[in-house]
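Chemist: Be aware that the sequence shown starts at 6, since it is given in our numbering, and climbs by one per residue.
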Amino acid sequence: MQKFKQMVLAVLCFVLSSPSIAGAEDLNVLLMGSTFRIAGPAKGEGKISVGTVFFVGRPLKSNPNRASYVMVTAGHVLQNINGDEAVLWLRRKKADGTFEGLEHRLRIRSKGAPLWTQPPGADVAVMYAPLPNEAHVVLLSKELLATDQMMTQYEVHPGDELLSLGFPFGLAANAAGFPILRSGKIASYPLVPAKQHHTFLYDFQVYEGNSGGPVYYTGSRAFGGRAAVPVNFIAGLVSQHAAIDGQRLQLAAVVPAQFIREAIDSLPEP
6 MQKFKQMVLA
16 VLCFVLSSPS
26 IAGAEDLNVL
36 LMGSTFRIAG
46 PAKGEGKISV
56 GTVFFVGRPL
66 KSNPNRASYV
76 MVTAGHVLQN
86 INGDEAVLWL
96 RRKKADGTFE
106 GLEHRLRIRS
116 KGAPLWTQPP
126 GADVAVMYAP
136 LPNEAHVVLL
146 SKELLATDQM
156 MTQYEVHPGD
166 ELLSLGFPFG
176 LAANAAGFPI
186 LRSGKIASYP
196 LVPAKQHHTF
206 LYDFQVYEGN
216 SGGPVYYTGS
226 RAFGGRAAVP
236 VNFIAGLVSQ
246 HAAIDGQRLQ
256 LAAVVPAQFI
266 REAIDSLPEP
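1. Which runs of the beta strand (DSSP E) at least 3 residues long sit entirely within the stretch 23-106? Give them in chain order.
2. With respect to the alpha helix (DSSP H) encompassing Thr-157, which residues constitute its N-terminal and C-terminal limits?
3. Under 8 angstroms between the Cβ atoms of Gly-106 and Ala-44?
4. What separation, rounded to the nearest whole angstrom, lies between the Cα atoms of Gly-62 and Arg-114?
5. Is Leu-170 closer than 8 angstroms to Ala-240 when the C-beta atoms are compared?
6. If you compare alpha carbons, which of Leu-149, Ala-79, Leu-120, Gln-245 is closest to Leu-32?
7. Which runs of the beta strand (DSSP E), 3 residues or longer, sit entirely within the stretch 108-143?
8. Considering only residues of the same chain and omitting the five flanking positions on each side of Lys-98, which have a CB-CB separation below 8 angstroms?
9. The beta strand (DSSP E) with Arg-231 in it runs from where to where?
10. Going by beta-carbon coordinates alone, are Phe-59 and Ser-39 separated by less than 8 angstroms?
11. Output needed for Val-55: all residues of its chain with C-beta closer than 6 angstroms, excluding positions within five of it in sequence on either side, in chain order.
12. Output the boundary residues of the alpha helix (DSSP H) element that contains Phe-264.
13. Once the 5 residues before and after Ile-53 are set aside, which same chain residues still bring their CB inside 8 angstroms of it?
14. So Lys-147 is in the alpha helix (DSSP H); what residue range does that whole segment cover?
15. Which whole-angstrom value is the C-beta distance of Phe-41 and Leu-95, which I expect to be below 8 angstroms?
16. Any chance the stretch 118-133 sits against the stretch 150-167, with 3 or more Cβ pairs inside 8 angstroms?
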């Protein structure tokens with residue numbers, strides 16, 4: 006793999022995404038630009054741990070129109086990577102409008118101490134991530150992360166189809182490193198309160214590399230007795246596969262976005 010040259014690191018960027026009620030931007034496209042593959046050495050000679058991350062903006066108190074890059078993934082993705090550094094496969098946009106891969110080494114520990122924050126009892130990790138200036142990263146609004154209140158307001162229920170982005174077995178959709186889009190239905194009930202249930206089931210075959218990927222809804226939706234309106238929200242992230250007696254089922258455990266939002270809020274000011 007070609008090593009990237011030393012670059013100036015940028016921490017701040019405008020928040021680019023639409024709010025939970027859809028705006029002009031398409032959430033599928035926004036998330037494609039926000040989701041990346043992460044990997045690093047795992048326990049065992051020659052083994053690699055791979056997962057999925059996406060980026061959410063944490064607005065600055067001094068200037069709410071600007072935000073810090075917060076990397077979001079499943080907690081076990083970072084835990085399973087040995088050492089202080091992981092590799093992020095970012096993308097850069099060329100002058101002709103096409104994309105190419107950009108390898109970036111990201112420090113995830115300092116002398117063995119984790120640099121990420123993980124809420125108790127939730128397989129979620131969030132951390133500030135300095136990125137190279139030339140990386141093309143869509144920074145999502147925190148308002149896209151669904152709370153219990155939003156899930157209730159939108160009457161989200163079993164049978165609703167959700168979409169997910171990830172890198173099954175580390176596979177990308179193309180040489181530029183974009184994630185692969187898949188779908189499935191909510192397979193458990195009830196969904197709220199998140200702190201009581203911790204996860205919900207999603208009819209989706211999980212492979213290594215899917216962990217940490219965003220699970221989301223986009224489309225027209227009728228709720229509260231009103232006509233259908235465009236709605237966008239991130240419901241959570243892929244945590245792990247469901248299994249019984251060692252037998253894997255075609256089900257994913259999804260950590261609700263409520264925990265992601267709370268973890269971001271717990272980060273110190275950068």
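Ideal Cβ positions, reconstructed from N, Cα and C, are used throughout, including at glycine.
Modeler: If we stick to the structure as given:
1. Fully contained in the stretch 23-106 are the following beta strand (DSSP E) runs of length 3 or more, in chain order: 40-46, 53-64, 71-78, 90-98.
2. Your numbering for residue 157 matches position 152 in the sequence shown. Note, Thr-157: alpha helix (DSSP H), 153-158.
3. As a first step, residue 106 must be located in the sequence shown, where it is residue number 101. As a first step, residue 44 must be located in the sequence shown, where it is residue number 39. Not a contact, by the Cβ cut-off of 8 angstroms.
4. Here residue 62 refers to the residue found at position 57 of the sequence shown. Here residue 114 refers to the residue found at position 109 of the sequence shown. Gly-62 and Arg-114: Cα-Cα distance of roughly 21 angstroms.
5. In the sequence shown, counting from the first residue as 1, residue 240 sits at position 235. In the sequence shown, counting from the first residue as 1, residue 170 sits at position 165. Not a contact, by the Cβ cut-off of 8 angstroms.
6. Reading the sequence shown from its first residue, position 27 is the one you call residue 32. Leu-32 has its Cα closest to that of Leu-149, out of Leu-149, Ala-79, Leu-120, Gln-245.
7. Fully enclosed beta strand (DSSP E) runs of 3 or longer: 130-133.
8. Position 93 of the sequence shown, counted from the first residue, corresponds to residue 98. Result list for Lys-98: Phe-104, His-141, in chain order.
9. Position 226 of the sequence shown holds residue 231. Run containing Arg-231: none; DSSP gives neither H nor E here.
10. Counted from its first residue, the sequence shown places residue 59 at position 54. Counted from its first residue, the sequence shown places residue 39 at position 34. Yes, Cβ-Cβ distance for Phe-59 and Ser-39 is below 8 angstroms.
11. The residue you call residue 55 lines up with position 50 of the sequence shown. If we look at Val-55 and ignore the five residues flanking it on each side, its Cβ neighbours are Ala-44, Gly-175, Gly-214.
12. Indexing the sequence shown from 1 puts residue 264 at position 259. Annotation: the continuous alpha helix (DSSP H) that includes Phe-264 extends over 262-271.
13. Locating residue 53 in the sequence shown gives position 48, counting from the first residue. Hits under 8 angstroms: Ala-44, Gly-45, Pro-46, Ala-47, Gly-175.
14. Here residue 147 corresponds to residue number 142 of the sequence shown, with the count starting at 1. Element bounds for Lys-147: n/a, residue is neither H nor E.
15. Looking up residue 41 in the sequence shown gives position 36. Looking up residue 95 in the sequence shown gives position 90. With a Cβ gap of about 6 angstroms, Phe-41 and Leu-95 count as contacting.
16. In short, these stretches do not touch, since the Cβ pair count stays below three.
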